[in-house]
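Numbering (numbering that gives the first Met the number 0), first residue to last: 0 to 147.
Since the structure comes first, as structure tokens, the remarks are kept for the end.
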Amino acid sequence: MSKQEEAGLILKLYELRREETMRKARDWYFREFNPQSMADFNTAMLGEHSGHLRMVVSYWDMAAALVNNGAISLELFNDSNSEHMAIFSKIEPLLSEIRAFAPQFALNVEKLIDATPDGRKRVASIRERMKAIGAQLAENQAKSARQS
Numbered sequence: 000m001s002k003q004e005e006a007g008l009i010l011k012l013y014e015l016r017r018e019e020t021m022r023k024a025r026d027w028y029f030r031e032f033n034p035q036s037m038a039d040f041n042t043a044m045l046g047e048h049s050g051h052l053r054m055v056v057s058y059w060d061m062a063a064a065l066v067n068n069g070a071i072s073l074e075l076f077n078d079s080n081s082e083h084m085a086i087f088s089k090i091e092p093l094l095s096e097i098r099a100f101a102p103q104f105a106l107n108v109e110k111l112i113d114a115t116p117d118g119r120k121r122v123a124s125i126r127e128r129m130k131a132i133g134a135q136l137a138e139n140q141a142k143s144a145r146q147s
């Protein structure tokens with residue numbers, strides 16, 4: 000595939016991410032989905048945001064499959080995306096438990112992370128940054144509540 004065709008696929012992936020329902024799903028995933036246990040994951044998977052969870056993970060798994068199968072180069076994909084690492088950072092600690100029920104869950108994303116130089120380190124770093132941001136937001140909300 001030519002670089003122009005790969006670029007066209009990258010732009011198409013970006014366009015799909017901008018679709019209204021996908022934006023809502025991504026927003027929920029990053030703001031509200033913070034599973035600490037399999038029970039948390041199951042609550043999301045079986046609750047009102049099940050579609051959001053499935054949409055976000057399956058979108059990035061599909062995008063990763065394009066890379067894993069050579070439609071988009073690893074370098075170009077990683078130069079233009081990092082969200083797949085952030086979504087993976089939230090589910091990675093639970094993968095073995097999730098895969099006991101869904102063996103293919105996020106398999107392409109994981110393969111892509113492992114093919115990326117320092118991929119697991121990057122994922123761990125993102126997970127720690129997101130935890131720190133979440134803690135800061137919670138602290139700010141608590142301060143606001145006390146001042147009200």
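The beta carbon of each residue, even a glycine, is placed where N, CA and C say it ideally should be.
Owing to the predicted nature of the structure, the values given are computational and were not obtained by experimental measurement.
In this structure, E96 places its C-beta atom within 8 Å of the C-beta atom of M37.
Here L93 has P34, M37, F40 as same chain residues with Cβ atoms under 7 Å from its own Cβ, once five neighbours each way along the sequence are excluded. A114 places its beta carbon less than 8 Å from that of L73.
Selection M129, A144, L111 evaluated against I71 yields L111 as nearest (Cα-Cα). E109 and Q146 have their alpha carbons spaced roughly 44 Å apart. Runs of the alpha helix (DSSP H) spanning 4 or more residues and lying entirely within the segment 63 to 139 occur at 73 to 79, 82 to 90, 94 to 98, 106 to 114, in chain order. Out of A6, I9, G50, A101, the CA that lies nearest to the CA of R22 is found in G50. Of the residues A6, F29, I132, the one whose Cα lies closest to the Cα of V56 is F29. Between the beta-carbon of H83 and that of A63 there is about 6 Å, and that keeps the pair under the 8 Å contact cut. It is roughly 18 Å from the alpha-carbon of I132 to the alpha-carbon of K120. Membership of E19 in the alpha helix (DSSP H) is indicated by the continuous run 19 to 30.
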